[in-house]
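Report on the following structure.
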Amino acid sequence: MFGSMPSLVFLYLSHNHFSSSDGNTNLVPFFSSLVNCTGLLELGVASAGVGGEIPAIIGNVSSANLSSLFLSGNEIAGKIPPAIGNLLNLTELCLFGNMLEGPIPPEILRPPRLALLDLSNNRIVGEIPRSVGESRRLETINLSQNKLQGTLPESLTNRTQLDHLVLHHNMLSGTIPPGLNCSLMLDLSYNKLTGQIPSEITVLGNFHVYLDLSNNLLDGHVPLQIGNMEMTEALDLSMNNLSGAIPATIAGCVALEYINLSGNSLQGSLPTSIGKLPNLHVLDVSSNGLTGVLPPSLRASPELRYANFSYNKFSGEVSGEGAFANLTDDSFVGNPGLCGTIAGMARCDRRRHVRRCLLLCIVIVAVAVAVVAGVSAMALTWLKKLTTTSVSPHLSSGGAMDERNSEHPRISHRELADATGGFSEASLIGKGGYGDVYRGVLHGGTVVAVKVLRAGDDVVVAGSFERECRVLRSIRHRNLIRVVTACSTPEFKAVVLPFMANGSLDGLIHPPPPPHGGKPAAKAHRRLDLELLLTIAGNVADGMAYLHHHAPFRVVHCDLKPSNVLLDDDMTAIVSDFGVSKVVAQQEAKDPDAIDDDDDDASSTPHPRSSITRLLQGSVGYIAPEYGLGRKPSTQGDVYSFGVLLMEMITGKRPTEVIAKGGHSLHEWVKRRLSSDDDVVAAVELSSSTATSVMTPRHETRVVVELLELGVACSRIVPAMRPTMDDVAQEIARLKDGAWRKCCCEDDNDHS
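If you're matching positions, the sequence shown starts at 1 in full-length UniProt numbering and goes up one per residue.
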């Protein structure tokens with residue numbers, strides 16, 4: 001099959017539907033044909049309907065060069081062959097989402113450069129090999145959703161390179177070894193671990209994102225040293241046997257956004273300091289034995305969106321104001337001593353309640369009278385106009401952008417060929433995943449961009465074309481690209497869009513070198529003044545918020561990046577390229593127009609990461625990390641992409657450039673520099689010219705820091721912790737309005 005291709009380097013067969021006479025259960029011929037492909041570096045056969053067992057001959061496939069092996073999301077059964085350990089150059093091994101059985105062979109840990117090991121969602125039994133910690137390059141270990149037993153290997157302790165250790169949903173027992181640390185995520189939930197939470201975990205303070213020890217048999221107290229975990233964003237210790245009080249030192253976890261301590265035997269009062277956590281979004285302390293009043297600081301918590309205090313012994317009055325305004329009585333049920341104004345909760349003062357109800361009735365009656373009077377007046381005005389105004393017979397029932405009423409309702413292939421000079425190379429202005437874009441001039445002199453879908457898989461192209469047209473016909477927003485017209489024949493499909501003379505945001509941030517070997521543009525030429533940056537960021541956020549929250553149906557862009565943000569004559573940002581370049585999953589059986597935004601569990605539809613994900617949703621550097629764990633496209637993924645785009649606008653650095661130079665994501669790169677104002681100023685590439693900016697440098701820096709913090713918030717690793725695009729749009733509008741008011745006030749003071 002591939003034996004005559006010794007120079008083959010990358011082989012990606014993922015996400016296909018192969019069939020054979022043996023039901024794809026004999027993998028020996030396939031892997032045998034790859035033995036002579038001595039230059040093969042990456043092999044991807046994920047989610048391809050493959051079954052059978054992995055043959056031992058896999059150890060002979062480009063054993064000196066193969067670095068990535070992805071066989072996940074299939075129906076592969078049997079045992080993992082130890083021969084995989086012969087692939088000594090292997091850095092990524094992904095076998096998750098199969099039906100593999102038997103123990104983990106220690107031999108597969110032999111490759112000295114192995115960085116990613118993902119065997120999750122199989123039927124693997126036995127113990128975790130004691131030698132797992134001896135693989136010094138391992139950064140990610142995911143063995144979750146198997147049937148592993150035994151204790152956690154001591155070799156996993158004091159590992160400075162380990163980023164992710166994910167072992168949830170197994171049958172692991174014993175205690176958590178002291179010194180077990182990861183830099184990003186530790187998930188040991190849904191096991192049978194016993195003993196106390198080792199204080200060394202909190203002393204290390206290395207859990208930058210996520211610590212989940214829930215649904216185990218842990219006992220003892222929450223460690224007092226928990227306040228040392230100042231970088232932790234999510235903490236889940238729920239459903240254990242923890243006792244004692246919640247330590248007030250938890251206030252030291254200044255980055256915490258999610259706290260779940262429910263289902264334990266915690267006692268004492270809720271510390272006031274917990275309400276002072278500046279970033280707290282979710283708090284669940286239900287089903288404990290907590291007493292006392294709810295701290296007023298919680299009601300004043302600026303970011304709190306959800307709280308659950310149910311089934312405790314709290315007492316006192318609860319005000320439905322501040323952060324509690326959106327809570328229901330379900331958050332307080334099971335606390336007989338609580339009373340307050342929240343709907344469904346017992347009232348503290350019946351007479352006061354009666355007075356308030358009476359006042360509310362008066363207000364409702366007054367409003368109802370006013371509404372009836374207003375509607376009556378409007379009806380009379382409408383009837384008067386109806387008798388004096390005739391309806392133009394030329395008006396259609398469709399909207400202003402309806403296809404029948406557009407300036408160019410129909411267009412042929414010949415007209416598009418004439419407009420683009422026969423689709424000449426001189427008219428070519430861009431290339432996309434599904435087609436090319438040409439500059440064209442229609443007969444009336446209108447300059448347009450013609451996106452011609454490249455010939456290929458007719459089913460994919462036709463489906464993508466129809467989706468693009470349906471989405472563009474249905475959405476109406478000033479910051480989203482609109483369709484001028486379209487041309488569709490069995491042999492040719494094109495969408496005609498407005499031409500954007502100022503190109504893309506990518507060209508603005510990263511201008512190309514001048515032609516004919518001229519001198520490259522100075523670094524300062526790619527800097528954006530703050531007013532323009534705020535305007536463009538606000539435009540993009542408004543457009544995306546419309547797609548996510550206000551369009552006739554929810555649309556997930558899936559490929560938001562600077563090259564897909566266009567700039568019109570007034571430098572207004574227009575979001576483009578959705579529905580064609582990246583296919584959005586749809587619920588065809590339920591509603592052909594409904595964009596699927598189901599945020600399935602990460603294990604439901606797994607797919608490999610790295611270069612293979614480039615074939616799916618998004619572009620490298622802008623893809624949300626959960627997509628690498630098999631999640632479907634979601635609005636939260638778009639928020640992540642926007643965060644990266646925002647940080648790139650400010651810093652002038654491509655996300656791939658940061659990864660290549662330092663091995664860190666742009667999110668981590670910016671987050672580290674936010675700890676120092678000097679680092680922020682050094683990292684930001686904003687123009688300080690007073691000719692283009694009405695703000696003082698000091699105020700510019702303050703606004704830039706807030707924008708960078710917003711970019712970091714949008715690009716958090718845990719999707720549930722990201723804001724919505726509505727939140728983002730409102731925050732940028734606030735910054736823009738505040739910046740203008742501030743500079744005007746400072747200007748007035750300077751002249752006084």
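All residues carry an ideal CB built from backbone N, CA and C; glycine is no exception.
### Task
Hey, could you find the ends of the beta strand (DSSP E) R439 is sitting in?
By one-based count along the sequence shown, residue 439 stands at place 439. First-last of the beta strand (DSSP E) with R439: 435-441.
### Query
Does the Cβ of L18 have 16 or more other Cβ atoms within 10 Å, making it buried, or fewer, making it exposed?
One-based indexing of the sequence shown puts residue 18 at position 18. Note that residue 18 is Phe in the sequence shown here, rather than Leu. Counting Cβ neighbours within 10 Å, F18 comes out exposed, since fewer than 16 surround it.
### Message
So, for L416: in the same chain, excluding its five sequence neighbours on each side, which residues have a beta-carbon less than 7 angstroms away from its beta-carbon?
### Response
Within the sequence shown, the letter at position 416 stands for residue 416. Within the same chain, L416 has close Cβ partners G440, V450, C487, A494.
### Message
Counting beta carbon pairs with one atom in the segment 261-273 and one in the segment 699-712, are three or more of them shorter than 8 angstroms?
### Response
no
### Reduced DSSP secondary structure (H/G/I, E/B, other) of H549
Taking the first residue of the sequence shown as 1, we reach residue 549 at position 549. In the structure shown, H549 sits in a helix (DSSP, three-state: H, G or I).
### Query
Which value, in whole angstroms, describes the spacing of the CA atoms of K736 and T485?
Numbered from 1 along the sequence shown, position 736 holds the residue referred to as residue 736. Numbered from 1 along the sequence shown, position 485 holds the residue referred to as residue 485. Approximately 35 angstroms between the Cα atoms of the pair.
### Message
Less than 9 angstroms between the C-beta atoms of E92 and L109, yes or no?
### Response
The residue given as residue 92 occupies position 92 in the sequence shown. The residue given as residue 109 occupies position 109 in the sequence shown. Against a cut-off of 9 angstroms, the Cβ pair of L109 and E92 comes out as no contact.
### Query
Taking DSSP as the reference, what is the three-state secondary structure of V704?
On the sequence shown, position 704 is the one that residue 704 refers to. Looking at V704 - three-state DSSP - the assignment turns out to be helix.
### Query
Leaving out the 5 sequence neighbours to the left and right, which residues in its chain are closer than 6 angstroms to L547 when beta-carbon positions are compared?
On the sequence shown, residue 547 is found 547 positions in, with the first residue counted as 1. For L547, where only same-chain residues beyond five positions count, the Cβ hits under 6 angstroms are V555.
### Query
Quick one: is H549 buried, meaning 16 or more other Cβ sit within 10 Å of its Cβ, or exposed?
In the sequence shown, the residue the question calls residue 549 occupies position 549. Exposed: under 16 other Cβ atoms inside 10 Å.
### Query
Where do the N-terminal and C-terminal ends of the alpha helix (DSSP H) with P29 fall, by residue?
The count along the sequence shown starts at 1 and reaches residue 29 at position 29. Here the alpha helix (DSSP H) through P29 covers 28-33.
### Message
Threshold first: 3 residues or longer. Then list the beta strand (DSSP E) segments lying entirely within the segment 83-146, N to C.
### Response
92-94, 116-118, 125-127, 140-142
### Query
So the beta strand (DSSP E) S488 belongs to, where does it begin and stop?
What you label residue 488 is simply residue 488 of the sequence shown in a count that begins at 1. First-last of the beta strand (DSSP E) with S488: 485-488.
### Query
On the premise that V132 lies in contact with I141, defined as a C-beta separation below 8 angstroms, what is that separation, rounded to the nearest angstrom?
Locating residue 141 in the sequence shown gives position 141, where the first residue counts as 1. Locating residue 132 in the sequence shown gives position 132, where the first residue counts as 1. Indeed they touch by this definition, with Cβ atoms about 7 angstroms apart.
### Query
Three or more beta-carbon pairs under 8 angstroms between the segment 77-88 and the segment 102-117, yes or no?
yes
### Task
Output the boundary residues of the beta strand (DSSP E) element that contains H164.
As a first step, residue 164 must be located in the sequence shown, where it is residue number 164. Per DSSP, H164 belongs to the beta strand (DSSP E) from 164-166.
#### Entry: Minimum C-alpha distance to I57 - residue among V45, A83, A48, S67
The residue given as residue 57 occupies position 57 in the sequence shown. Ranking the options by Cα distance to I57, first place goes to A83.
### Query
What is the residue span of the alpha helix (DSSP H) that S297 lies within?
On the sequence shown, position 297 is the one that residue 297 refers to. Note, S297: alpha helix (DSSP H), 296-299.
### Message
Between which residues of its own chain and K590 is the CB-CB distance below 6 angstroms, once the five residues before and five after are set aside?
### Response
Translated into positions along the sequence shown, residue 590 becomes position 590. Note on K590: pLDDT 35, under 50, position unreliable in the model; the coordinate value appears next. Excluding residues within five positions, none has a Cβ falling inside 6 angstroms.
### Query
Can you round the beta-carbon distance between L211 and P247 to whole angstroms, since I take them to be within the 8 angstroms contact cut?
Taking the sequence shown and counting its residues from 1, the one referred to as residue 211 is at position 211. Taking the sequence shown and counting its residues from 1, the one referred to as residue 247 is at position 247. Actually they are not in contact, since the Cβ atoms of L211 and P247 sit about 15 angstroms apart, beyond 8 angstroms.
### Own chain partners of V45 with C-beta closer than 6 angstroms, once the 5 adjacent residues on each side are dropped
Start at 1 with the first residue of the sequence shown, and residue 45 comes out as number 45. Answer for V45: L13, L71, listed in chain order.
### Task
Report the rounded CA-to-CA distance for T160 versus K671, giving the unit in angstroms.
Along the sequence shown, one-based indexing puts residue 160 at 160. Along the sequence shown, one-based indexing puts residue 671 at 671. T160 and K671: Cα-Cα distance of roughly 20 angstroms.
### Message
Suppose only complete runs of 3+ residues qualify. What are the beta strand (DSSP E) ranges in the segment 164-225, listed by chain order?
### Response
164-166, 185-187, 210-212, 219-221
### Inter-residue Cα distance where the pair is D329 and I342
Here residue 329 corresponds to residue number 329 of the sequence shown, with the count starting at 1. Here residue 342 corresponds to residue number 342 of the sequence shown, with the count starting at 1. When rounded, the distance between both Cα atoms is 6 angstroms.
### Query
What's the C-alpha gap between L193 and S173?
Start at 1 with the first residue of the sequence shown, and residue 193 comes out as number 193. Start at 1 with the first residue of the sequence shown, and residue 173 comes out as number 173. L193 and S173: Cα-Cα distance of roughly 4 angstroms.
#### Entry: Spatial distance of G150 from N24 (CA atoms)
Looking up residue 150 in the sequence shown gives position 150. Looking up residue 24 in the sequence shown gives position 24. Rounded to whole angstroms, G150 to N24 spans 35 angstroms at the Cα level.
### Query
Under the rule that 16 or more other beta-carbon atoms within 10 Å means buried, what is A691, buried or exposed?
The residue you call residue 691 lines up with position 691 of the sequence shown. Model confidence at A691 stands at a pLDDT of 36, short of 50, so the residue's coordinates are unreliable and nothing is read from them.
### Task
Any chance you could list the alpha helix (DSSP H) runs of at least 4 consecutive residues sitting entirely within the segment 286-339, in chain order?
296-299
### Query
Can you name the residues that DSSP bridges to G430?
The residue given as residue 430 occupies position 430 in the sequence shown. According to DSSP, which records beta bridges pairwise, G430 is partnered with V437.
#### Entry: Residue of L428, T420, V452, V639 minimising C-alpha distance to L442
Indexing the sequence shown from 1 puts residue 442 at position 442. Among L428, T420, V452, V639, the Cα nearest to that of L442 is on T420.
### Segment limits, beta strand (DSSP E) that includes V718
To locate residue 718, count along the sequence shown from 1; it is residue 718. Careful: V718 lies outside any beta strand (DSSP E) and carries neither H nor E.
### Nearest neighbour of V575, chosen from L666, N65, V483, Y438 [CA to CA]
Stepping through the sequence shown from its first residue, residue 575 is reached at position 575. Minimum Cα distance to V575 is reached at V483.
### Message
So, with DSSP's three-state summary, where would you put P608?
### Response
The residue you call residue 608 lines up with position 608 of the sequence shown. Per-residue confidence for P608 stands at a pLDDT of 29, beneath the threshold of 50, marking its modelled position as unreliable; no derived number is given.
### Query
What is the DSSP secondary structure of P633, counted as helix, strand or coil?
The residue you call residue 633 lines up with position 633 of the sequence shown. DSSP places P633 in coil when its eight states are reduced to three.
### Query
Straight-line CA distance for A251 to I274?
Taking the first residue of the sequence shown as 1, we reach residue 251 at position 251. Taking the first residue of the sequence shown as 1, we reach residue 274 at position 274. If you take the alpha carbons of A251 and I274, they lie about 6 angstroms apart.
#### Entry: Buried versus exposed, by CB contacts within 10 Å (16 or more), D598
Working through the sequence shown from its first residue, we reach residue 598 at position 598. The pLDDT assigned to D598 is 37, lower than 50, so where the model puts this residue is not dependable, and the model offers no usable value.
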